[in-house]
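S.K.:
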Amino acid sequence: MSETFLPFSRPTIDEATIAAVGDVLRSGWITSGPKVQAFEAQLSELFGGRIVRTYNSGTCTMEIALRIAGIGPGDEVITTPISWVATANVIIECGATPVFADIDPVTRNIDLDKVEAAITPRTKAIIPVYLAGMPVDMDRLYAIAKKHNLRVVEDAAQALGSSWKGKRIGSFGDFVSFSFQANKNIT
Numbered sequence: 007m008s009e010t011f012l013p014f015s016r017p018t019i020d021e022a023t024i025a026a027v028g029d030v031l032r033s034g035w036i037t038s039g040p041k042v043q044a045f046e047a048q049l050s051e052l053f054g055g056r057i058v059r060t061y062n063s064g065t066c067t068m069e070i071a072l073r074i075a076g077i078g079p080g081d082e083v084i085t086t087p088i089s090w091v092a093t094a095n096v097i098i099e100c101g102a103t104p105v106f107a108d109i110d111p112v113t114r115n116i117d118l119d120k121v122e123a124a125i126t127p128r129t130k131a132i133i134p135v136y137l138a139g140m141p142v143d144m145d146r147l148y149a150i151a152k153k154h155n156l157r158v159v160e161d162a163a164q165a166l167g168s169s170w171k172g173k174r175i176g177s178f179g180d181f182v183s184f185s186f187q188a189n190k191n192i193t
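Residue numbers (the numbering used here): 7 to 193.
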């Protein structure tokens, strides 16, 4: 067995970044301070003026979104089986049941035909996941959601900067969760 360590990705942290972190630590604002507010304002501008709130993780963001949407015990939420476990876990944390719709073999995204076929009277939301930054057919996704009165919580952890027909992911529908965890496209 080899003793060689192969890092997933090696971070690039320059002196300006280290100085900026030092400035924040010295300011006394560890959370929700002026730097966070400025960052949220920049994201809001990027997404056409939408309300933006940042949290400690994409997982936390998705759970909060589901709770705001009123998802709870007895409800079903349709999602893809091809994702990190957190996507299904947030559904379970809310007391709801994850229902898995298989992926499209070409796009590797959730198959919207299978989503529509999985909808029952207990279905309350859909969580699509945009692996490698590739969104689903947003027009069709939101048409299905509207037709069945469902909420959409977009797991866009890997899709900051992505777009659909010239419109940025983050500027559609109900809720969108991005992530800045170390292995995401943006980081």
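C-beta: ideal position from N, C-alpha, C; glycine also.
Computed from a prediction, not measured in an experiment: that's the story for all the values here.
Assuming Ile135 and Thr93 are in contact, meaning their beta carbons sit under 8 Å apart, how far apart are those beta carbons, in whole angstroms?
M.R.: Taking the first residue of the sequence shown as position 1, residue 135 is located at position 129. Taking the first residue of the sequence shown as position 1, residue 93 is located at position 87. Here residue 135 is Val; the residue named in the question, Ile, does not match the sequence. Sure, about 6 Å apart at Cβ, within 8 Å.
S.K.: Taking the beta strand (DSSP E) that Thr9 falls in, what are its first and last residues?
M.R.: Numbered from 1 along the sequence shown, position 3 holds the residue referred to as residue 9. Note on residue identity: the sequence assigns Glu, not Thr, to residue 9. Segment: none, Glu9 is in no beta strand (DSSP E) and carries neither H nor E.
S.K.: Alpha carbon to alpha carbon, how far is Asn155 from Ala44?
M.R.: Sequence index remark: in the sequence shown, residue 155 carries index 149 (1-based). Sequence index remark: in the sequence shown, residue 44 carries index 38 (1-based). Spanning the two alpha carbons is a distance of roughly 34 Å.
S.K.: Residue range of the beta strand (DSSP E) that Val83 falls in?
M.R.: Taking the sequence shown and counting its residues from 1, one reaches residue 83 at position 77. Here the beta strand (DSSP E) through Val83 covers Glu82 to Thr85.
S.K.: Going straight from the alpha carbon of Arg114 to that of Gly34, what length do you get?
M.R.: Here residue 114 refers to the residue found at position 108 when the sequence shown is read from its first residue. Here residue 34 refers to the residue found at position 28 when the sequence shown is read from its first residue. Computed Cα separation, rounded: 44 Å.
S.K.: Who are the Cβ neighbours of Tyr61 in its own chain at under 6 Å, not counting the five residues just before and after it?
M.R.: Counting from 1 along the sequence shown, the entry for residue 61 is found at position 55. Contacts found: Thr67.
S.K.: Roughly how far, in whole angstroms, is the beta-carbon of Phe53 from the beta-carbon of Arg174, given that I think they are within contact range, below 8 Å?
M.R.: Sequence index remark: in the sequence shown, residue 53 carries index 47 (1-based). Sequence index remark: in the sequence shown, residue 174 carries index 168 (1-based). Indeed they touch by this definition, with Cβ atoms about 6 Å apart.
S.K.: Report the residue ranges of all beta strand (DSSP E) runs contained in full by the region 81-142; include only those spanning at least 3 residues, in chain order.
M.R.: 82-85, 103-106 and 129-133
S.K.: Please report the residue range of the beta strand (DSSP E) in which Val159 lies.
M.R.: Counted from its first residue, the sequence shown places residue 159 at position 153. Here the beta strand (DSSP E) through Val159 covers Arg157 to Asp161.
S.K.: Could you pull the start and end residues of the alpha helix (DSSP H) that Val58 belongs to?
M.R.: Position 52 of the sequence shown holds residue 58. It is not in any alpha helix (DSSP H) - Val58 carries neither H nor E in the DSSP assignment.
S.K.: Roughly how many angstroms separate the alpha carbons of Ala131 and Gln48, rounded to a whole number?
M.R.: As a working note, residue 131 is residue 125 in the sequence shown. As a working note, residue 48 is residue 42 in the sequence shown. So the two alpha carbons sit approximately 28 Å from each other.
S.K.: Identify the residues that DSSP records as bridge partners of Lys173: which are they?
M.R.: Counting from 1 along the sequence shown, the entry for residue 173 is found at position 167. Trp170.
S.K.: So, do the region 117-132 and the region 82-102 have three or more beta carbon pairs nearer to each other than 8 Å?
M.R.: yes
S.K.: Quick check on the DSSP output: the beta strand (DSSP E) that includes Phe181 runs from which residue to which?
M.R.: For the purposes of this step, residue 181 is taken as residue 175 along the sequence shown, with counting starting at 1. Here the beta strand (DSSP E) through Phe181 covers Phe181 to Ser183.
S.K.: Would you grab the beta carbon distance between Phe178 and Met144 for me? Rounded to a whole angstrom, and I think it's under 8 Å.
M.R.: Counting from 1 along the sequence shown, the entry for residue 178 is found at position 172. Counting from 1 along the sequence shown, the entry for residue 144 is found at position 138. About 6 Å separates the two Cβ atoms, so the contact holds.
S.K.: Beta-carbon separation of Gly142 and Ile109 under 8 Å?
M.R.: In the sequence shown, the residue the question calls residue 142 occupies position 136. In the sequence shown, the residue the question calls residue 109 occupies position 103. In the sequence on display, residue 142 carries Val and not Gly. Contact: no.
S.K.: Please list the terminal residues of the continuous alpha helix (DSSP H) segment that includes Phe45.
M.R.: Translated into the one-based positions of the sequence shown, residue 45 becomes position 39. Looking at the DSSP string, the run of the alpha helix (DSSP H) that includes Phe45 is Pro40 to Leu52.
S.K.: Between which two residues does the alpha helix (DSSP H) carrying Arg16 extend?
M.R.: Here the question's residue 16 lines up with position 10 in the sequence shown. Going by DSSP, Arg16 is part of no alpha helix (DSSP H) at all; its letter is neither H nor E.
S.K.: Report the CB separation of Val159 from Leu72 in whole angstroms; it is logged as a contact under 8 Å.
M.R.: For the purposes of this step, residue 159 is identified with residue 153 of the sequence shown, where counting begins at 1. For the purposes of this step, residue 72 is identified with residue 66 of the sequence shown, where counting begins at 1. Yes, Val159 and Leu72 are in contact; Cβ-Cβ is about 6 Å, under 8 Å.
S.K.: Which residue comes first and which comes last in the alpha helix (DSSP H) that contains Thr23?
M.R.: Numbered from its first residue, the sequence shown carries residue 23 at position 17. Looking at the DSSP string, the run of the alpha helix (DSSP H) that includes Thr23 is Glu21 to Ser33.
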